[in-house]
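Student: Numbering (our numbering), first residue to last: 1401 to 1477.
Ideal Cβ positions, reconstructed from N, Cα and C, are used throughout, including at glycine.
All values derive from a computational prediction rather than experimental measurement.
First the structure, which I've put down as structure tokens, then a few questions once you've had a look.
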Amino acid sequence: MASNNNFLKYTGLTFSQIMEQINAKLASDARFDNFRESAIAQTLTEIFAGSVDIVNYYLERRAEECFFDTAKLRSSV
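Quick look at the structure:
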């Protein structure tokens, strides 16, 4: 089985990095100046970033299971 230092880092993004990228993109567009300060915008941004983080986790896990060195499940080997 794979050791902890042998991850593929297929996606390599953390939740905070995703949030920073989303907020930077919203800040660069003048149409969202009033919207991005609202509580609903912050909630929607966090939900979106959380969903992206979960999808990235599953993408990385699927990529890990494709190789002998990184597979964690016996059924993948």
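Less than 8 Å between C-beta atoms, sequence neighbours within five positions excluded: which residues of the same chain meet that for residue 1403?
Tutor: With a pLDDT of 48 at residue 1403, under the threshold of 50, the modelled position of this residue cannot be trusted; read the value that follows with caution. Around residue 1403: no qualifying Cβ.
Student: Rounding to the nearest angstrom, what Cα-Cα distance links residue 1473 and residue 1432 in this structure?
Tutor: Their backbone Cα atoms lie some 45 Å apart in a straight line.
Student: Can you grab the Cα-Cα spacing for the pair residue 1413 / residue 1420, in whole Å?
Tutor: Cα-Cα distance, rounded: 11 Å.
Student: Assuming residue 1441 and residue 1448 make a contact with CB atoms under 8 Å, what is their CB distance in whole Å?
Tutor: The pair is not a contact, with the Cβ atoms about 10 Å apart (cut-off 8 Å).
Student: Are residue 1471 and residue 1464 closer than 8 Å when you measure CB to CB?
Tutor: In this structure, residue 1464 lies closer than 8 Å to residue 1471 by Cβ.
Student: Helix, strand or coil for residue 1476 per DSSP?
Tutor: Residue state, collapsed to three classes: helix.
Student: Taking 8 Å as the limit between beta carbons, can you name the residues of its chain near residue 1401, skipping five residues before and five after?
Tutor: In this predicted model, residue 1401 has a pLDDT of only 43, less than 50, meaning its place in the structure is not dependable; the value taken from the coordinates is given anyway. Cβ neighbours of residue 1401 beyond the five flanking positions: 1471, 1472.
Student: Can you give the Cα-Cα distance for residue 1437 and residue 1446, rounded to whole angstroms?
Tutor: Roughly 13 Å separates the two Cα atoms.
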